[in-house]
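Remarks on the structure that follows.
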Amino acid sequence: MTQLKKKGKTVAGTKALKEKPDRKDSFFETVYDVARLIPRGRATSYGAIAAYIGTKLSARMVGWAMNAAGSARPKVPAHRVVNRNGMLSGKHHFGTPDAMEKLLKKEGIKVKNDTIVDFDKVFWDPAVELAL
Numbered sequence: 096m097t098q099l100k101k102k103g104k105t106v107a108g109t110k111a112l113k114e115k116p117d118r119k120d121s122f123f124e125t126v127y128d129v130a131r132l133i134p135r136g137r138a139t140s141y142g143a144i145a146a147y148i149g150t151k152l153s154a155r156m157v158g159w160a161m162n163a164a165g166s167a168r169p170k171v172p173a174h175r176v177v178n179r180n181g182m183l184s185g186k187h188h189f190g191t192p193d194a195m196e197k198l199l200k201k202e203g204i205k206v207k208n209d210t211i212v213d214f215d216k217v218f219w220d221p222a223v224e225l226a227l
């Protein structure tokens, strides 16, 4: 398995960020590697992932990656990635409009009106959580 490097340190199980991209999909794969580290019962934002991988202004591209994550292997917990306000903005890219909400609720995350309740309490910031 590849490694994810942040500030000269390595997090097992993910792809190296300091490597030069050698594949067309390397951005998506890097996003998927970070998303796979989000623990059950926690959620993050597109922007937090973008900032962590060094592309702070690419939150929208992280969203595109999450939209395409259905065919990624190993699986990507795309339901744990929402917009900066905790809104389930990617819900229409799941099998049914309520699938994303059901997956989050199954993990103990409360959702009301398509928004995670107390998002700040379940927010997983990769820049903090993956800092070694």
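First residue of the sequence shown: 96, per this note's numbering; consecutive thereafter. Glycine included, C-beta positions come from ideal geometry on N, C-alpha and C. These figures come from a predicted structure and were not determined experimentally.
Spatial distance of residue i from residue j (CA atoms)
i      : j      : result
ASP213 : MET182 : 11 Å
TYR147 : ARG175 : 16 Å
LYS207 : PRO192 : 14 Å
THR210 : ALA194 : 14 Å
GLU114 : ALA222 : Caution applies to GLU114, whose pLDDT of 44 falls short of 50 and renders its modelled position unreliable; the value that the coordinates give is listed next. One C-alpha to the other measures close to 19 Å.
ARG179 : LEU198 : 19 Å
THR216 : LYS205 : Reading off the sequence, residue 216 comes out as Lys, not Thr. One C-alpha to the other measures close to 11 Å.
Endpoints, the alpha helix (DSSP H) within which residue i is located
i      : result
PRO221 : 221–224
SER121 : 121–130
ARG137 : ARG137 -> no alpha helix (DSSP H), and no H or E assigned at all.
LYS170 : Careful: LYS170 lies outside any alpha helix (DSSP H) and carries neither H nor E.
VAL157 : 154–162
GLU196 : 194–201
Own chain residues within Cβ distance below 7 Å of residue i, not counting five before or after
i      : result
TRP219 : ILE133, PRO134, ARG137, ALA138 and THR139
VAL171 : TYR127, ALA130, ARG131 and ALA164
Nonlocal neighbours in the same chain, by C-beta distance under 6 Å from residue i, ignoring five residues either side
i      : result
GLY203 : GLY136
ALA173 : MET161 and ALA164
Same chain, Cβ closer than 8 Å to residue i, neighbours up to 5 away in sequence not counted
i      : result
PRO169 : ARG131
LEU152 : ALA145
LYS186 : PRO192, ASP193, ALA194, MET195, GLU196 and ASP209
Residues that residue i bridges to, as DSSP identifies them
i      : result
VAL177 : SER140
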